[in-house]
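Under the working numbering, the residues of the sequence shown are numbered 58 to 272, in order.
Quick reminder that beta carbons are idealized off the backbone N, C-alpha and C, glycines included.
Inspection log for the structure reproduced underneath, given as structure tokens.
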Amino acid sequence: MVSKQPLSPHPSGPGNQQDRNALLQAYLAEYQAITTRNTYWLTLQYALFPILGAAVAVLAQMWNQFGNDSSFGSLPHRIIIWLVIVLANVIMIAHTEVGWESYDNVVYLETELRPKIVSLTGVSEKSDETPLGYETYKNKLRGKGPKWWELPAPGVSLVLLGLGLYLFAYLYPWTRIEWVAAGMNFLLFLQTVRVAVKMIRRRQDIGSKRPTKTS
């Protein structure tokens with residue numbers, strides 16, 4: 058009876074080495090494709106606030122188009138102000154979701170793809186020559202706590218909601234518009250908090266062997 062010898066985890070034959078090199082090139086191509094995707098995500102993220110600025114400018118042009126009453130308390134102007142707050146919340150949620158997508162890509166690169174590439178190169182993870190170490194380096198610098206750029210969205214959302222309530226519950230009489238607008242913006246504030254927490258947790262997963270599951 059012929060016994061089967063276990064395969065070596067790092068075959069050294071010419072054919073096997075060729076296969077390993079081909080696999081390594083495929084992994085590196087995937088790594089580059091995902092980093093390129095992150096570049097696109099960042100470009101979109103930077104474009105969101107100019108979009109918000111353009112939308113606010115359009116609404117500002119409409120301010121004097123509704124009769125002679127230019128006060129904040131008129132119905133058209135109430136709607137414009139609440140629309141600005143809604144748009145700001147939507148843009149901040151989208152901005153934070155894009156941040157989560159970027160972090161999620163990095164988590165995949167660091168926990169799934171990079172270990173395979175390092176294994177195929179035959180370099181120890183503890184070596185100074187370990188490839189693709191930039192994210193590990195940055196992760197050590199960031200630490201685990203929330204970063205300043207991850208926190209403004211929930212705070213700004215809450216301030217905008219408070220400003221709307223101050224205007225139309227204190228300075229001007231409350232109307233049916235406020236019931237709808239305040240409720241909608243409160244839900245958007247909660248969503249802003251949720252996606253900010255989700256993004257922070259995803260960044261903390263960078264370099265982790267068992268990243269948390271987020272939805």
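- Task: Determine the closest residue to tryptophan 205 out of Ile257, Ala238 and Ala145, with distance taken between C-alpha atoms.
- Result: The candidate whose alpha carbon is nearest that of tryptophan 205 is Ile257.
- Query: Is the distance from the Cβ of leucine 105 to the Cβ of isoleucine 136 below 8 Å?
  - Reply: No.
- Examine the Cβ distances between the segment 207-214 and the segment 244-264 and report whether three or more of them are shorter than 8 Å. Segments in contact, yes.
- In the DSSP assignment, find the alpha helix (DSSP H) that holds aspartate 161 and state where it starts and stops. In this chain, the alpha helix (DSSP H) harbouring aspartate 161 covers 132-165.
- Query: Taking the alpha helix (DSSP H) that lysine 195 falls in, what are its first and last residues?
  - Reply: For lysine 195, the enclosing alpha helix (DSSP H) has its first and last residue at 191-199.
- Inside the segment 186-263 only - alpha helix (DSSP H) runs reaching at least 4 residues: For the segment 186-263, whole alpha helix (DSSP H) runs of length 4 or above, ordered along the chain, are 191-199, 209-223 and 233-261.
- Cα separation between alanine 121 and alanine 111? According to the sequence shown, residue 121 is asparagine rather than alanine. If you take the alpha carbons of asparagine 121 and alanine 111, they lie about 17 Å apart.
- Message: In whole angstroms, give me the CA-to-CA distance for leucine 116 and serine 128.
- Response: Taking the Cα positions, leucine 116 is about 15 Å away from serine 128.
- Message: Taking the alpha helix (DSSP H) that lysine 173 belongs to, which residues open and close that run?
- Response: Judged by DSSP secondary structure, lysine 173 falls within the alpha helix (DSSP H) whose first and last residues are 171-178.
- DSSP three-state call for glutamate 87: helix, strand or coil? Glutamate 87 falls in the helix class under three-state DSSP.
- Query: What's the gap between the Cα of valine 254 and the Cα of glycine 200?
  - Reply: Roughly 16 Å between the two C-alpha positions.
- Item | leucine 109 to tyrosine 103 span [Cα, whole Å] | Taking the Cα positions, leucine 109 is about 11 Å away from tyrosine 103.
- Output the distance between the C-alpha atoms of serine 159 and arginine 233, rounded to the nearest integer angstrom. So the two alpha carbons sit approximately 40 Å from each other.
- Express the C-alpha separation of alanine 90 and proline 107 in angstroms, rounding to a whole number. The alpha-carbon separation between proline 107 and alanine 90 amounts to approximately 27 Å.
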